[in-house]
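Report on the following structure.
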Amino acid sequence: MKILITGAAGFIGSHLCDLLIKEGHDVIGMDNFITGSPDNLAHLSGNSKFTFILHDVANFIFVPEKVDAVLHFASPASPNPDSPYGFPNLPIQTMKAGALGTHNTLGVARANNARYILASTSEIYGDPAEHPQKETYWGNVDPNGLRSVYDEAKRFAEALTMAYHRYHNINTGIVRIFNTYGPRMRLDDGRAVPNFLQQALRKEPLTVYGDGEQTRSFCYIDDLIAGIIKLLYSEIHEPVNIGNPQEITIKELALKINALFDNPAGVVFLRNKVAGKDPDRRQPDISRAKEHLNWSPSIDLTEGLRRTIPYFQEKMREEH
Ligand code: NAD
Ligand code: UDP
Numbered sequence: 012m013k014i015l016i017t018g019a020a021g022f023i024g025s026h027l028c029d030l031l032i033k034e035g036h037d038v039i040g041m042d043n044f045i046t047g048s049p050d051n052l053a054h055l056s057g058n059s060k061f062t063f064i065l066h067d068v069a070n071f072i073f074v075p076e077k078v079d080a081v082l083h084f085a086s087p088a089s090p091n092p093d094s095p096y097g098f099p100n101l102p103i104q105t106m107k108a109g110a111l112g113t114h115n116t117l118g119v120a121r122a123n124n125a126r127y128i129l130a131s132t133s134e135i136y137g138d139p140a141e142h143p144q145k146e147t148y149w150g151n152v153d154p155n156g157l158r159s160v161y162d163e164a165k166r167f168a169e170a171l172t173m174a175y176h177r178y179h180n181i182n183t184g185i186v187r188i189f190n191t192y193g194p195r196m197r198l199d200d201g202r203a204v205p206n207f208l209q210q211a212l213r214k215e216p217l218t219v220y221g222d223g224e225q226t227r228s229f230c231y232i233d234d235l236i237a238g239i240i241k242l243l244y245s246e247i248h249e250p251v252n253i254g255n256p257q258e259i260t261i262k263e264l265a266l267k268i269n270a271l272f273d274n275p276a277g278v279v280f281l282r283n284k285v286a287g288k289d290p291d292r293r294q295p296d297i298s299r300a301k302e303h304l305n306w307s308p309s310i311d312l313t314e315g316l317r318r319t320i321p322y323f324q325e326k327m328r329e330e331h
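Using the numbering used here, the final residue of the sequence shown is 331, and nothing's skipped along the way.
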């Protein structure tokens, strides 16, 4: 297949490019580098199976060749207002990537009669009142709070994707991605894993926001990518959760990372810094992915962190 991937220079997008090229496909990557980096694609330069288009997906998208699939992954993704790359500091760009970017990429899929995959998120469940979260849960989202620029853009994107499926009969799919980590995460995007890994490497205290009793369920990047590829090859139109159900409190995550590094500095509890209401609990119900995609994650948190650490060590060395 020839596949267009938006957000190709980002954390998830760049791993998708790698695996799809490895599977024999031709990939066109598109990005405007607002939160991504050319470094994530440097190893593909000169690869005949990869071309890159520098473009903002909020503007009309022209693709010079016929494509068989479109994967729309372009969007800022970190909720931390302390980082210039967090969506609270890119509110309009975030809404445009989710709304106009989804419209434009669906247009490309329609013009090419291509399979379409939207990168949605567990954030569409908001601060969930149901636990764990099944795809049938409608969510608990503040429509105009500080997080809404991300959450509501993704909810709109899901609605538009289903409209293109129902009205134009486009072969669409929606992946609801839960917290994912691994090499190529931006070190300074303010998310928990990159913050904690860097702090532990510097032997500083880990900054736990709030009381640290809030939970997340962290999925290693390779597991996520395997699930997305299975969804791409399927004809499933309903949203599918892809994430690792191994739930952990943020305090436990910090203690685990400190233990991996023998970091004596411990943790420091800070006033919660994230935008809006920090969701209390998050855990995917992955029955649908298991049943329809025969997918489940295989890399646990300890192993995933071990595989992630060398990247952070290398990047921090480069910075000095
Ligand atoms: P990222 O910031 O590393 O990657 C996003 C990429 O999109 C960046 O390269 C950025 O430059 C690009 N981009 C943003 N706006 C653009 C625009 N208007 N035009 C062109 N390119 C643009 O983030 P990520 O973690 O790789 O997230 C990728 C996708 O997955 C996003 O859609 C995000 O919402 C979704 N997602 C990620 C997670 C996670 O845990 N990482 C969880 C849920 C959903
Ligand atoms: N968090 C934290 N310290 C940090 C960064 C994040 O305690 O330095 C918390 C944050 O408040 C949230 C959790 O870790 O409860 C996960 O945050 P992240 O930004 O990684 O993802 P999201 O909130 O989107 O799940």
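In this text, a Cβ means the ideal position worked out from N, Cα and C, and glycines have one as well. Since the model is a prediction, treat every value here as computed from it, not as a measurement.
Would residue i be called buried (16 or more neighbouring beta carbons within 10 Å of its own) or exposed?
i	result
residue 67	buried
residue 159	buried
residue 165	buried
residue 294	buried
residue 205	buried
residue 132	buried
residue 71	exposed
residue 250	buried
residue 279	exposed
residue 316	buried
residue 149	exposed
residue 75	exposed
residue 123	buried
residue 179	exposed
residue 50	exposed
residue 177	exposed
residue 21	buried
residue 125	buried
residue 89	buried
residue 147	exposed
residue 163	buried
residue 222	exposed
residue 313	exposed
residue 215	exposed
My understanding is that residue i touches residue j, with C-beta atoms under 8 Å, so please give their C-beta distance in whole angstroms.
i	j	result
residue 17	residue 116	6 Å
residue 266	residue 220	In fact, because the Cβ distance is near 15 Å, the residues do not count as touching under 8 Å.
residue 189	residue 254	3 Å
residue 210	residue 323	The pair is not a contact, with the Cβ atoms about 11 Å apart (cut-off 8 Å).
residue 202	residue 91	7 Å
residue 140	residue 107	That pair is no contact at about 30 Å.
residue 195	residue 331	Actually they do not touch by this definition, with Cβ atoms about 19 Å apart.
residue 185	residue 30	About 19 Å separates the two Cβ atoms, so there is no contact after all.
residue 60	residue 32	5 Å
In its own chain, which residues sit with a C-beta less than 6 Å from the C-beta of residue i, not counting the 5 before and 5 after it?
i	result
residue 24	16, 18, 84
residue 46	87, 96
residue 12	36, 79, 80
residue 168	109, 113, 129
residue 258	226, 228, 294
residue 39	15, 62
residue 64	41
residue 306	238, 241, 300
residue 268	207, 211
residue 231	193, 310, 315
residue 262	219, 223
Near residue i, which residues of its chain fall below 8 Å by C-beta distance, leaving aside the five closest residues on each side in sequence?
i	result
residue 175	117, 120, 121, 127, 181, 183
residue 102	160
residue 34	240
residue 200	46, 88, 89, 91, 94, 96, 97
residue 303	245, 247, 251
Can you pull the DSSP bridge partners for residue i?
i	result
residue 97	89
residue 250	185
residue 278	217
residue 245	The partner list for residue 245 (beta bridge, DSSP) is empty, contrary to what the question assumes.
residue 344	Residue coverage of the chain in this structure runs from 12 to 331, which leaves residue 344 outside it and unanswerable.
residue 38	14, 61
residue 159	Paired residues: none, contrary to the question.
residue 226	260
residue 191	230
residue 295	144
For residue i, which residues in the same chain have their Cβ closer than 7 Å to its Cβ, ignoring the five residues on either side in sequence?
i	result
residue 287	153, 156, 157, 158
residue 104	45, 87
residue 143	256, 294, 295, 296
residue 138	151, 288, 290, 291
residue 389	Given that the chain is displayed from residue 12 to residue 331, the structure contains no residue 389 and the question cannot be resolved.
residue 212	272, 323, 324, 327
residue 234	255, 308, 309, 310
residue 145	296
residue 171	113, 114, 117
Please check if any C-beta of chain C sits within less than 9 Å of the C-beta of residue i.
i	result
residue 199	Going by chain labels, chain C is absent from the structure shown, which holds only one protein chain.
**Report entry** Every unbroken beta strand (DSSP E) inside the stretch 100-154 [3 residues or more]
**Finding:** The stretch 100-154 contains these whole beta strand (DSSP E) runs: 126-132.
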